[in-house]
Amino acid sequence: MNKNILLYTAILIFGLAAPFVFPAFKVQLSILCVLIVLAITWNIQGGEMGYNTFGNILFYGLGMYLCASVQVGMFFPLAEWTESGGEKTFVHTPAQFFQGMAAGLVVAAVVPTIVAGLIGYAILGLRGHYFAICTLGLGVAAGEISGGIEIIGAGQGFTTPPFPNVGGLEARGEFFYFLSFGALILTFLAVRSIYSTRFKLILNAIRDNEDKAEAMGIETMKYKIIGWMVSAFFCGLAGGIMGGLVGYIDSTDVAFDGREMGVFMVLMAILGGKGTLWGPVIGATVFHIFKEGFWTFFLGWQYVALGILIVVIVIYFPEGIMGWLREKYPERFGETIDEADRKAQVELK
Amino acid sequence: MDFMVFQYPMITVQACLDGLLLGILFALIAYGMALQWGVMNIINIAQGDLVILGGYIAYFMYLYGIHPAWGVIVSPIIMYFVGVGIYKLVINKVVDRDLFISILATFGISILFMQLMNFAFGADVVLANSGYGTTMLFDNNVTLPNSKIFSAFVSIVFAICLVIYMKKSKLGRAIRATAQNARAAKILGVDTEKVYAATFGINAALCGVAGALISITFTIHPYMGLPYTIRSFMIVIVAGLGNLPGVAMSGMGLGVFEEFADYILGTEFRIGSVFLLLVLILVYRRFKLSRKREYLK
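Here it is, written out as structure tokens:
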């Protein structure tokens, strides 16, 4: 228990100090926070519940568009904003920017949750690969359709409001870093507390044998929908932050980017270890470091590397880093990471 | 929204004919998918990328001055070996495992192929001009490119040849036996490993034929693969595995649907409507089955 508190404190101190210690990596660290959030949310679905989805990108992109639209729409006419493209005729005052961002993030988190609840009943009745392909279709359809809607910029994209001129040159990076770091802590703590309840056991029961879980009297559909809504909430939040961070939203290349973000979240969770609390965090960190290295040194070949990486991880390393560690150091594993979690898992097995 | 379709019957005729001819092509791709899904229990997300690769083979022949219609012969031969290569490298390691593993692994192959084709052939939309001209019907109100008729004809010929091959040949019998019960086939002396490789090769060859025809009839682009995968998946789940007339019918139905979506909603929503249709079909089947407390398997 002591070690846990030490670990958390160390991570918290590192997180708070990071933008000042490594000022050049602020944007990278913010993206890392968002990636970890996405990996954690995917893990709720794919890892704990056993419903492997390619469609969480839907909530991510929805959150991104909603946050930016609210941020602009609260103060200015949205259609004229998107029409003007890069050259802004309207300028947000600092107060307007932050109010808009706050309201936008709330909407970006709440609306995808509702959407997940609404479509969940229909889609979560599918199982296995049908669910996977159906969600893949949903994600791509959302990208194609949003690329045809005029008011959010259609094919030419949507420029999010630029950061107001306050607090010096470093302010933008620091603001978005702390925003995404805050979102990461919120997500991690929320998911950690969820995982310590009966709810997690129900999700695991659904993963292990859904028919049996139903026979035991668990209303599986209800819990599946709740699980999806939880993951949609944080996914939308992460999308909203990422939209502001990138500064430009395009339907298929940024928001509903199934080829990048949609695969990344699956890959990060699997790389770290499906169905563990820390797996997605470790997986996302390792993946991000690897990705940035590759994206920088092998520019142009990144998708080739990504494709090979997917195949290699999936075929040779499906248990992930956490699974590998668990197999190698069963005792040390439990002590250093999370004793209660491990015990619960061992008892379950 | 454009309701021209309902005011001018000739546009309806045009859309139906275009859709039917297109649908036969889709059915050919879907047949390949049904074959390997039925035999190996694998869903190949890279199906569409194999199609596009086949298309580029025909396009290259066109660039070097050979008539692209010969691609229909050359492309499946090359694609067969590409398919067997993919099987030996990746697919044989995921055959007996969880379906999601195969989906993800082939998704990786799909991304890899997309990017390699992008490097090799450039990101331009290209087409191989067959120079077949067009046929005018109904007082010049309906135009049908001869290349579409040619592609539909070739698809039908290939489909018939394949059906006969599967029925009569030794390998065809082995493939069907493996699909029915892989273990029993193994006991009775069928080399299932070889059968799997051949199945994946035949699937890739079918994709090659379809791709060559698509490069003549429509356009190809390195990133256009995924919609073909989704279409063939959709056709297979509507028709069921091993139901060839069903595959042909639902392929043509999908083609007609797409043409009408194109006219009514606009071209920018065409791909989106295909993906939405997939979601709708799956949800419809889920509700239909859930009345009997069953689910799609």
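Same order as they appear, the protein sequences are chains A and B. The numbering of the first sequence is the working numbering, which starts it at 5 and goes up by one. The numbering of the second sequence is the working numbering, which starts it at 420 and goes up by one. Here a beta-carbon is modelled for each residue, glycine too, at the ideal position from N, C-alpha and C.
- Cβ-Cβ separation between I594/B and Y478/B: approximately 31 Å, too far for a contact (criterion under 8 Å).
- Counting only runs of at least 4 residues, the segment 434-507 of chain B fully encloses the following alpha helix (DSSP H) elements, listed from N- to C-terminal order: 466-482.
- Fewer than three beta-carbon pairs drawn from the segment 602-611 of chain B and the segment 671-690 of chain B are found closer than 8 Å, and the two stretches are therefore not classed as touching.
- In this chain, the beta strand (DSSP E) harbouring T553/B covers 553-556.
- The C-alpha of C138/A lies about 45 Å from the C-alpha of L173/A.
- In this structure, the CA atom of L469/B is about 18 Å from the CA atom of S570/B.
- Between I319/A and V290/A the beta-carbon gap is near 18 Å, outside 8 Å, which marks them as no contact.
- Contact annotation: the segment 10-20 of chain A does not touch the segment 210-230 of chain A, with fewer than three C-beta pairs closer than 8 Å.
- Ranked by how close their Cα comes to the Cα of G147/A, the residues M233/A, F135/A, V270/A, F63/A have F63/A in first place.
- Against chain B, the CB of R263/A has a partner CB under 8 Å away; the residue lies at that interface.
- Going by C-alpha positions, R202/A is about 36 Å away from I656/B.
- Contact residues of the segment 42-66 of chain A toward chain B are N56 (C-beta to C-beta distance below 7 Å).
- By the Cβ test, the segment 526-539 of chain B is in contact with the segment 471-487 of chain B, since at least three Cβ pairs between them sit closer than 8 Å.
- Look at H292/A: its C-beta is not under 8 Å from any C-beta on chain B.
- In the DSSP assignment, no residue is bridged to V38/A.
- If you draw a 10 Å sphere on the C-beta of I492/B, you find fewer than 16 other C-beta atoms in it, and that means exposed.
- At a C-beta separation below 8 Å, A126/A has these neighbours in chain B: V702, R705, F706.
- Within chain A, the C-beta atoms nearer than 8 Å to that of K512/B come from I319, in chain order.
- Closest by C-alpha distance to F445/B, out of V628/B, A617/B, S692/B, is V628/B.
- The residues Y125, L128, G129, in chain order, have a CB closer than 8 Å to that of M225/A in the same chain once the five nearest residues on each side in sequence are set aside.
- Listed by position along chain A, the residues whose Cβ is nearer than 8 Å to that of G502/B form an empty set, because the closest Cβ is around 16 Å away.
- Scanning chain A for C-beta atoms nearer than 7 Å to the C-beta of S709/B yields G129, reported in chain order.
- For the C-beta of L142/A, the chain B residues within less than 7 Å are, from N- to C-terminus, V698.
- Secondary structure at L607/B: coil, using DSSP grouped into helix, strand and coil.
- The DSSP assignment places 561-564 as complete runs of the beta strand (DSSP E) inside the segment 554-599 of chain B, in order along the chain (cut-off: 3 residues).
- For the pair F706/B and I293/A, the Cα-to-Cα distance works out to about 44 Å.
- Listed in chain order, the non-local C-beta contacts of T117/A below 6 Å within the same chain comprise M233, A236, F237, local neighbours out to five positions each way being set aside.
- In the displayed model, F94/A falls within coil according to three-state DSSP, outside both helix and strand.
- Flagged as an interface residue toward chain A: F519/B, by a C-beta distance shorter than 8 Å.
- Shown here, F162/A sits in a strand according to DSSP, grouped into three states.
- Of all alpha-carbon atoms in D543/B, Y584/B, A658/B, V614/B, the one lying nearest the alpha-carbon of M459/B is that of V614/B.
- Residue-level contact by beta carbon fails for F445/B and chain A, as no gap is shorter than 8 Å.
- At a cut-off of 8 Å, the C-beta of L660/B has no neighbouring C-beta in chain A.
- P98/A has its alpha-carbon roughly 7 Å from the corresponding atom of V170/A.
- Taking every protein chain shown into account, the CB of R712/B has fewer than 16 other CB atoms within 10 angstroms, so this residue is exposed.
- Of the other Cβ atoms in all chains shown, 16 or more fall within 10 Å of the Cβ of G51/A; this residue is therefore buried.
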